[in-house]
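In our numbering, the protein residues as written are 84 to 650.
Set out below in structure tokens:
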């Protein structure tokens, strides 16, 4: 029996079958293309970090409308509301106080655990708290008694004072301590053999060789990056505080603020302002905290310095040259026949301030990764506005943009990510310190990593390729450096990094509070520059490509911290 397999179908049916087959084939091809071209959640988030996003945010946050974002002033509250609104637009959840009054209400209850707003109030993006501000109570007085003859000087003519915590009065001897360095590893102790408690310290800014990068001591003491310079100056200030000095006078050997900037811990030098009271640069402290024991900072004119040094036998130019060469063993000098008298009164008031806190909730609510930057700056004075485009609107934009990226990745991270815009950094790292004392998400023991942005948008003078930046991280976490180098290569990011580690990184930014709580940190900073803490720190000077690449790399670092193992 034979079977005829030749089936004669009508032409119309054949055409329909061909059309159906073609459609199915095209759908299959599209599916295959989609499978192979679909981006990972990590790359989706990375794509959300765009030039338009960072430019739009930075141009507004550093505009005159923000009035310099001084802590506790109107501009800082406007900036806080803008940051909170952007967190909301980007899809990051509110993670501040739980308040009965909505976002504008005062603090009712901190979010001690991760919980929805319905469990006791309305979730806010704000963490509200109060600082104590000290204000000048009148004209300070300064006089120098030289061999029995008294010379009296006028404030804002021959001297200015740093921010005082308390009314202060003293009569003290003056000790010249060179650079005021204590570095036992390199055989330097500028305080050897003398007790400076209750005395006035006279010192040079910087360190041996800091004005000559080719000098032996410059090469010996620092790798040449400005973060190292800054940290050395910080240590100088900590030393003189611990030794109990009454006051510090830094002898200005030039006008380059970038070479003197580390002294701002005690000294906001108003030489570039026209006149008047610096109401936005008063000292602040957390309520209930002990008042700082930091010595009074005095900035004096050249004629006051000359009077102090006259007949003392101290030759500053020779000392500076010998110190840079490392050819002299320095000993501190108690200046004979000289006493300095100082008197200043202060007043106090309470100031309401706020941090801005958002989060992307993770699968594991008991482990938290945080990223932060201070949003406050110097405010206004004498018709000038300190817009602080680099310091630190740039870092704040970094935090907001990372919130955008993680929200747009489309997946929950393994660990919760908390995004923080701090207030009060310029007043002494107060916002981040308050948060670590009273976290609004989880307990401080839940925090496994903190990344900090501070000044991520400018170039140093020696950055000819305009791609240099610095990172400091906790030494016990070497994988942080490994993943950083890996992602620079993998994503072809145009960054040349100076990466350093420390057992417990501390310094002049908000990562210090997390280090003090034994939380591993990574701190980003692009460069120091002459516009630091000056009205000229404007958005037109920003290196946009560098800022974009830093934020992208930080996103990849946080991705690893939130989803993997960084130790």
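Glycine included, every Cβ here is placed at the ideal spot set by N, Cα and C.
>> Is the separation between the beta-carbon of residue 585 and that of residue 556 shorter than 9 Å?
In response: yes
>> If I measure Cβ to Cβ from residue 234 and keep anything under 7 Å in the same chain, skipping five residues before and after, which residues do I get?
In response: 226, 227, 390
>> If I follow the unbroken alpha helix (DSSP H) through residue 159, where does it start and stop?
In response: 157-173
> Alpha carbon to alpha carbon, what distance is there between residue 224 and residue 550?
Replying inline: 47 Å
> Quick one: what's got a C-beta closer than 8 Å to residue 129's C-beta in the same chain, skipping five residues either side?
Replying inline: 488, 574, 635, 638, 639
> Quick one: complete beta strand (DSSP E) runs, 3+ long, within the segment 398-452?
Replying inline: 421-427, 429-443
>> Between the alpha carbons of residue 57 and residue 454, how many angstroms are there, rounded?
In response: The displayed coordinates of the chain run from 84 to 650. Any statement about residue 57 would go beyond what the structure contains.
> Near residue 384, which residues of its chain fall below 6 Å by C-beta distance, leaving aside the five closest residues on each side in sequence?
Replying inline: 241
>> Please classify residue 419 as buried or exposed, where buried requires at least 16 neighbouring CB atoms within 10 angstroms.
In response: exposed
>> Classify residue 607: buried if its beta carbon has 16 or more other beta carbons within 10 angstroms, exposed otherwise.
In response: buried
>> Let's see if you can read the secondary structure: which residues bound the alpha helix (DSSP H) around residue 242?
In response: Careful: residue 242 lies outside any alpha helix (DSSP H), inside the beta strand (DSSP E) at 242-244.
> Looking at the unbroken beta strand (DSSP E) that takes in residue 252, where does it start and where does it end?
Replying inline: 251-255
>> Quick check on the DSSP output: the beta strand (DSSP E) that includes residue 517 runs from which residue to which?
In response: Careful: residue 517 lies outside any beta strand (DSSP E), inside the alpha helix (DSSP H) at 513-520.
>> Could you compute how far the alpha carbon of residue 166 sits from the alpha carbon of residue 499?
In response: 20 Å
> Quick one: complete beta strand (DSSP E) runs, 3+ long, within the segment 270-318?
Replying inline: 283-286
> Excluding the five sequence neighbours on either side, which residues of its own chain have a C-beta within less than 6 Å of the C-beta of residue 395, listed in chain order?
Replying inline: 418
> Are there three or more Cβ pairs, one per stretch, closer than 8 Å when the segment 591-610 is compared with the segment 509-527?
Replying inline: yes
> So, residue 217 versus residue 507, is the Cβ gap smaller than 9 Å?
Replying inline: no
>> So the candidates are 571, 530, 415; which of them puts its Cα closest to the Cα of residue 271?
In response: 415
> On the three-state DSSP scale, how would you describe residue 126?
Replying inline: helix
>> Between 474, 590, 256, 605, which has its C-alpha nearest residue 614's C-alpha?
In response: 474
> Can you pull the DSSP bridge partners for residue 552?
Replying inline: 580
> Given residue 478, which residues of its chain have a CB within under 6 Å of its CB, disregarding the five upstream and five downstream residues?
Replying inline: 456, 536, 537, 539
> Based on the DSSP output, what are the partners of residue 366 in its beta bridges?
Replying inline: 217
> Comparing alpha-carbon positions, which option in 612, 602, 476, 543 lies nearest residue 139?
Replying inline: 476
> Is residue 175 closer than 9 Å to residue 441 when the C-beta atoms are compared?
Replying inline: yes
> Which value, in whole angstroms, describes the spacing of the CA atoms of residue 708 and residue 471?
Replying inline: Because the chain is modelled from 84 through 650, residue 708 falls outside the range shown and cannot be assessed.
> Is it right to say residue 248 is buried, meaning 16 or more other beta carbons lie within 10 angstroms of its own, or is it exposed?
Replying inline: buried
> In whole angstroms, what is the alpha-carbon distance linking residue 286 and residue 295?
Replying inline: 18 Å
> Which two residues bound the contiguous alpha helix (DSSP H) that contains residue 483?
Replying inline: 478-491
>> Please state whether the Cβ-Cβ distance between residue 324 and residue 288 is less than 9 Å.
In response: no
> Is it the case that the Cβ atoms of residue 158 and residue 462 are separated by a distance below 9 Å?
Replying inline: yes
> Buried or exposed: where does residue 548 fall if 16 or more other Cβ atoms within 10 Å of its Cβ makes it buried?
Replying inline: exposed
> Taking buried to mean at least 16 other C-beta atoms within 10 Å of its own C-beta, is residue 577 buried or exposed?
Replying inline: exposed
> residue 172 and residue 207: beta carbons closer than 9 Å?
Replying inline: no
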